[in-house]
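Undergrad: Residue numbers (my numbering), protein chains in the order written: chain A, 7 to 226; chain B, 41 to 159.
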Amino acid sequence: MSVVTIERKVLEKNDEIARQNRELFTSRGVFVCNVVSSPGAGKTSILERALEHLAGRLKVAVIEGDVQTDLDAQRVARYHVPAVQIVTAGGCHLEANLVRDALASLDLSEISLLIIENVGNLVCPSNYDLGEELKIVVASTTEGDDKPLKYPAMFRSASVLIINKIDLLPYVPCDMAKLRANALQINPSLQVFETSCTTGSGIPAFCDWLIARSSKLAVR
Amino acid sequence: MHELSIAQSIIEIVNEHVPTGDGASVKTVRLTVGEMAGVVVDSLEFCFGAITQGTPLGGARLEITSVPLRARCATCGKESKIEPTLFVCPHCEGSELTLTGGRELQINEIELYDAEART
Chain A
7 MSVVTIERKV
17 LEKNDEIARQ
27 NRELFTSRGV
37 FVCNVVSSPG
47 AGKTSILERA
57 LEHLAGRLKV
67 AVIEGDVQTD
77 LDAQRVARYH
87 VPAVQIVTAG
97 GCHLEANLVR
107 DALASLDLSE
117 ISLLIIENVG
127 NLVCPSNYDL
137 GEELKIVVAS
147 TTEGDDKPLK
157 YPAMFRSASV
167 LIINKIDLLP
177 YVPCDMAKLR
187 ANALQINPSL
197 QVFETSCTTG
207 SGIPAFCDWL
217 IARSSKLAVR
Chain B
41 MHELSIAQSI
51 IEIVNEHVPT
61 GDGASVKTVR
71 LTVGEMAGVV
81 VDSLEFCFGA
91 ITQGTPLGGA
101 RLEITSVPLR
111 ARCATCGKES
121 KIEPTLFVCP
131 HCEGSELTLT
141 GGRELQINEI
151 ELYDAEART
């Protein structure tokens, strides 16, 4: 009976490509966010509102990840930003090599902010580094206030929490204070924004933050 | 359901370490999986079994050592096991914690059948 020692990370290949992606983003001065949530929390809607608000103020590009269709890239392209669709054809998350391949269609020297919208899923994307600067997790009020406790790995690995659909608070049993407390219990350093894509509330504050973070990285 | 893609990554790495041409094949793959690695062990075992069937790795068994979530507290400096839903130091209730364990997803070693033992 012979034993062969391996001691290698299972996702080392992904991690290595993510490192290369990150190096590329840093050298081009591009701020990269990986946006994650469960399906239907409002990632694309937030993106649309933000793009509307950022028009003429920040050069943005978008990578859309979906299991099927390029509907989201079509929605985003209406705002006259470069948008690349990755169709995972069943895959439940984006991997670093898919992002690397999508980058071939983008001119990074022309943008300051790259938003990667991951596949709607609060479990799998937390394992796969894409090379982003940080993760933004979106939780909507219609999902209830216990989401952070059910998916701690994702809320722990994110730097920003957007609580979306706050216009629906009067109609759904979601305690905002509890949702915030649950999220901060998992990750006290989370920066929290509250938004509604229907009323536009909270979008300017989120966009100001994106601009501030993007300009910090800009290559002179 | 990213366990399928994790199983594929495991197979790729294992294949790089299987000596070729001597008839040896893999009996056991030993892994470390952290409590917060986001991996459902049952799904991983199922996927691994399904995609190794009919390959040299067919019949190989996954042996998984799970690692609890641990963190060091910036306030009291102690390292302890913590609850995944409550990131608080059990000693001083400090919340500035750095994870020291629980996110591992590593292949440690493989055990091979001896060539003659299989015949």
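Ideal Cβ placement from N, Cα and C applies to all residues, glycine included. Remember, predicted model here, so these are calculated numbers, not experimental data.
Closest Cβ-Cβ distance between A:K171 and chain B: below 8 angstroms?
TA: It does not; no Cβ of chain B falls within 8 angstroms.
Undergrad: Would you mind working out which of A:L60, A:C98 and A:E54 sits nearest A:D78, comparing C-alpha positions?
TA: Among A:L60, A:C98 and A:E54, the Cα nearest to that of A:D78 belongs to A:E54.
Undergrad: Using the Cβ count rule (16 or more neighbours within 10 Å means buried), how would you classify A:A89?
TA: Burial call: buried.
Undergrad: Strictly below 7 angstroms CB to CB, what residues from chain B border A:E54?
TA: In chain order: nothing, as chain B lies at least about 28 angstroms away.
Undergrad: Can you tell me whether A:R63 is buried or exposed? The criterion is at least 16 other CB atoms within 10 Å of its CB, across all chains shown.
TA: Counting Cβ neighbours within 10 Å, A:R63 comes out exposed, since fewer than 16 surround it.
Undergrad: Which residues share a DSSP beta bridge with B:V73?
TA: BP columns for B:V73 point to B:S106 and B:L145.
Undergrad: For B:I122, which of helix, strand or coil comes out of DSSP?
TA: In this structure, B:I122 counts as coil in the three-state DSSP scheme.
Undergrad: At the 8 angstroms Cβ level, is A:Q191 part of the contact set with chain B, yes or no?
TA: Cβ-Cβ to chain B under 8 angstroms: yes for A:Q191.
Undergrad: If you draw a straight line from the alpha carbon of B:E75 to that of B:G142, how long is it in whole angstroms?
TA: Going from the Cα of B:E75 to the Cα of B:G142 covers about 5 angstroms.
Undergrad: Residues in the same chain with beta-carbon distance under 7 angstroms from B:Q93, minus the five sequence neighbours each way, listed in chain order, please.
TA: Closer than 7 angstroms at Cβ, skipping near neighbours: no residue.
Undergrad: Which residues does DSSP list as the beta-bridge partners of B:T95?
TA: None; B:T95 has no bridge partner.
Undergrad: Just the chain A side, please: which residues come within less than 7 angstroms of B:P124 by C-beta, in chain order?
TA: Per Cβ cutoff of 7 angstroms: P158.
Undergrad: Can you tell me whether A:K184 is buried or exposed, with buried defined as 16 or more other CB within 10 angstroms of its CB?
TA: With fewer than 16 Cβ atoms within 10 Å of its Cβ, A:K184 is classed as exposed.
Undergrad: Using CA atoms only, rank isn't needed, just tell me which of A:S43, A:L30, A:L109 and A:R28 is closest to A:C130.
TA: The residue with the shortest Cα to Cα distance from A:C130 is A:S43.
Undergrad: Scan the segment 129-192 of chain A and note each continuous alpha helix (DSSP H) run of 4 residues or more that stays entirely inside, going in chain order.
TA: Taking only runs of at least 4 residues, the alpha helix (DSSP H) segments lying wholly in the segment 129-192 of chain A are 153-156, 158-163 and 182-192.
Undergrad: For a test of the three-state rule: what should DSSP assign to B:A111, helix, strand or coil?
TA: If DSSP states are grouped into helix, strand and coil, B:A111 belongs with the strands.
Undergrad: Closer than 6 angstroms by C-beta to A:Q91: which residues in its own chain qualify, once you throw out the five before and the five after it? Chain order, please.
TA: Once the five neighbours on either side are set aside, the close Cβ partners of A:Q91 are E70, D76 and A79.
Undergrad: Please list the residues of the segment 140-151 of chain B that have a C-beta atom closer than 9 angstroms to any C-beta atom in chain A, keeping them in chain order.
TA: Those would be R143, E144, L145, Q146, I147, N148, E149, I150 and E151, in chain order.
Undergrad: Looking at C-alpha atoms only, which residue of A:A83, A:I117 and A:T94 is the closest neighbour of A:S33?
TA: Closest by alpha carbon: A:I117.
Undergrad: How far does the alpha helix (DSSP H) with A:S33 in it extend, from its first residue to its last?
TA: That run of the alpha helix (DSSP H) goes E18 to R34.
Undergrad: What does the Cβ neighbour count give for A:A110, buried or exposed, with the cut at 16 atoms within 10 Å?
TA: Under this definition A:A110 is an exposed residue.
Undergrad: Taking 8 angstroms as the cut-off, decide whether the C-beta atoms of A:T148 and A:L120 are in contact.
TA: Going by C-beta atoms, A:T148 is not nearer than 8 angstroms to A:L120.
Undergrad: Considering only DSSP beta bridges, list what A:K15 is partnered with.
TA: In DSSP, A:K15 forms a bridge with B:Q146.
Undergrad: Contact criterion: CB-CB distance below 8 angstroms. Does B:G99 meet it with respect to chain A?
TA: Not one chain A Cβ lies under 8 angstroms of B:G99.
Undergrad: Looking at A:S195: is its Cβ nearer than 8 angstroms to the Cβ of A:M160?
TA: No, the pair does not count as a contact, with Cβ atoms beyond the cut-off.
Undergrad: In its own chain, which residues sit with a C-beta less than 7 angstroms from the C-beta of A:S115, not counting the 5 before and 5 after it?
TA: So the qualifying residues of the chain are R34.
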